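Okay, so here's the structure we're looking at.
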Amino acid sequence: MTQLLRSWVESANTPETDFPLNNLPYGAFRFGGGALHAGVAIGDRILDVTALEQAGLLDLPENGVFARGTWNDFMALGADVWARFRDHLTTALSEGAAQRSDLEAHLVAMADATLEMPFSVTEFTDFYAGRHHAFNVGSLFRDPANALPPNWLHIPIGYNGRASSVVVSGTDITRPNGQLKAPDADMPVFEASKRFDLELEMGAIVGKPSKGRVSVQEADDMIFGYVLLNDWSARDIQAWEYVPLGPFQAKATATTISPWIVTKAALEPFRASTPPREKELLPYLAEPGPMLYDIDLEVGLAPEGKAETILSRTNYNVMYYSAAQQLTHHTTSGCPMRVGDLLGSGTISGPEKQNRGSLLELSWAGKEPLTLDTGETRTFLEDGDTLTLRGAAKGDGYRIGFGDCAGTLRPAPALD
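For the sequence shown, the UniProt record's numbering assigns the number 1 to the initial residue and increments by one for each residue that follows.
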């Protein structure tokens, strides 16, 4: 296992930081109400790469790559540029680096910055690729013997979501109104969702476009990096609308992502294999090597003004399908992928109750209320609740973190 790389930014050398020199994740920020700038997290600081480019301190093949303050234009430059840029920053931020005097003036205190969306989301696709989650949901609404649909063990199931409602951590989430229908009612009603939920996921960001079908290795090469992702879900809206075409407004309210893109290069030491296959996959989905990652994950819930309770802990390595397999399958119809496409992994649940990645599973569809550390109970989310996802891959004396992926639920808009 790789050891901690030491930096002249002292806060990057502590074992508790999410952002050691080994990480160098990419984000976007504003400082003092100024323009949007692209930045790289290092310890408790942000290296302002927009300012570095303006000062002529970056060697890039094009001018104005970071002028917009996001990472789409950089992603479009390709994997060779990604690697050279990361190597340059790693060298320049290393302990004893000659470039220290050039970079110090372009460090910003993270606590004084406002973090924004790190990239412009082109399209969003959400998958249903967690074996334990799919089994739990199928058991709830069918029975354990028929929990998995016949296609589930053969194909990474997904649906096209909304890019327009993907938001950065810290954005308030408004409880949606929608059509609801009780099982014993003759007619639906239009009112606020009563069964609003979280989904603990990872998001993979496409950094290289495609035309035509790609292999699993090619798909992995296309992935720029990863974020934490909470795909907020209105379970009662979904229950009424999903037949025959699947989720629609139930999943359109918001999808929250963490503010820092953790690169594939930073996660390389933590690669993990997908689990043994219960059914042999078709050859186009065969993986040439480990395509998952060993990333510890947790979900915290804090009622308004009160202490947080950790609801769940699990790991990304329990997923049945990797992001590379999902991306490969996405291209089988000839569907072109574009820079900035976002793929949601599907809810990440482990084998035990304390590993479940949604309240639907944790409360068993409301039949088993959870007791929080404050003494309150929850079956689904209440107004004022703040949900926080956290994740980190853990090395020898360091961690590769993503920053918090958080959102607070606000009341539904008043109905006329």
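All C-beta atoms in this analysis are idealised placements derived from N, C-alpha and C, irrespective of residue type, glycine included.
Treat the numbers as computed from the prediction; the structure is a model and nothing was measured.
Taking 8 angstroms as the cut-off, the beta carbon of L285 is found no closer than this to the beta carbon of Y316. Just so you know, the alpha carbons of R162 and K251 end up roughly 8 angstroms apart. As a beta-bridge residue in DSSP terms, C405 pairs with L389.
Put simply, the stretch 188-208 touches the stretch 316-327. At least three CB pairs are less than 8 angstroms apart. With a cutoff of 8 angstroms on beta-carbon distance, N72 and F119 are scored as near each other.
Taking C-beta separations shorter than 7 angstroms and ignoring five residues to either side along the sequence, the partners of T91 in its chain run A97, following chain order. Counting along the chain, F29 sits inside the beta strand (DSSP E) bounded by residues 26-31. Counting only runs that start and end inside the stretch 287-362, the alpha helix (DSSP H) elements of at least 4 residues fall at 323-330, 359-362. Under the DSSP assignment, E280 falls outside any beta strand (DSSP E); it carries neither an H nor an E label. The DSSP-derived three-state label of V166 is strand. In this model, Y159 and A254 are separated by some 15 angstroms (Cα to Cα). The beta carbon of D87 is closer than 6 angstroms to none in its chain, skipping five residues each way along the sequence. The residue from A147, G33, S94, H329 with its alpha-carbon nearest to that of E116 is G33. As for any beta strand (DSSP E) of minimum length 3 sitting wholly inside the stretch 107-171, the runs are 107-109, 113-116, 124-127, 158-160, 166-168, ordered along the chain.
By a beta-carbon distance limit of 8 angstroms, D126 does not contact L359. Their separation comes to about 17 angstroms. Per DSSP, I237 is one residue of the alpha helix (DSSP H) stretching across 235-241. Each residue's CA atom was taken as its position, placing Y226 and D294 some 13 angstroms apart. For a cut-off of 8 angstroms, the C-beta gap from Q179 to E241 is around 7 angstroms, short enough to register as a contact. For the pair of segments examined, the stretch 405-414 was found to touch the stretch 254-265: the number of CB pairs separated by less than 8 angstroms reaches three.
DSSP places R45 in no alpha helix (DSSP H) but in the uninterrupted beta strand (DSSP E) bounded by 45-48.
Residue state for Q217 is assigned as helix, using DSSP reduced to three classes.
Burial state of E10 is exposed, judged by a 10 Å Cβ sphere holding fewer than 16 other Cβ atoms. In chain order, H37, G39, H106, V108 place their CB closer than 7 angstroms to the CB of D48, counting only its own chain and leaving out the 5 sequence neighbours on each side. For I237, same chain residues with a beta-carbon under 8 angstroms away, outside a window of 5 residues either side, are P176, G178, Q179, L180, S193, Q249, A250 in chain order.
When C-alpha distances from K211 are compared across V339, W82, I310, the shortest belongs to V339.
DSSP links Q3 through a beta bridge to D396.
Nearest neighbour of E62 by Cα position, chosen from T174, A76, T70, turns out to be A76. Cβ-Cβ separation between F224 and T263: approximately 7 angstroms, consistent with a contact (criterion under 8 angstroms). In the three-state reduction of the DSSP assignment, S94 falls in the strand class.
Inter-residue distance for Y128 and L5 is about 36 angstroms (C-alpha atoms, whole angstroms).
Around the CB of A55, fewer than 16 other CB atoms lie within 10 Å, so the residue is classed as exposed. Distance from D221 to A79 at the Cβ level is roughly 6 angstroms; contact confirmed, criterion being Cβ atoms closer than 8 angstroms. With fewer than 16 other beta carbons inside 10 angstroms of its own, T377 counts as exposed. Here M187 is exposed: its Cβ has fewer than 16 other Cβ atoms, across all protein chains shown, within 10 Å.
Around the beta carbon of R142, fewer than 16 other beta carbons sit within 10 angstroms, so the residue counts as exposed.
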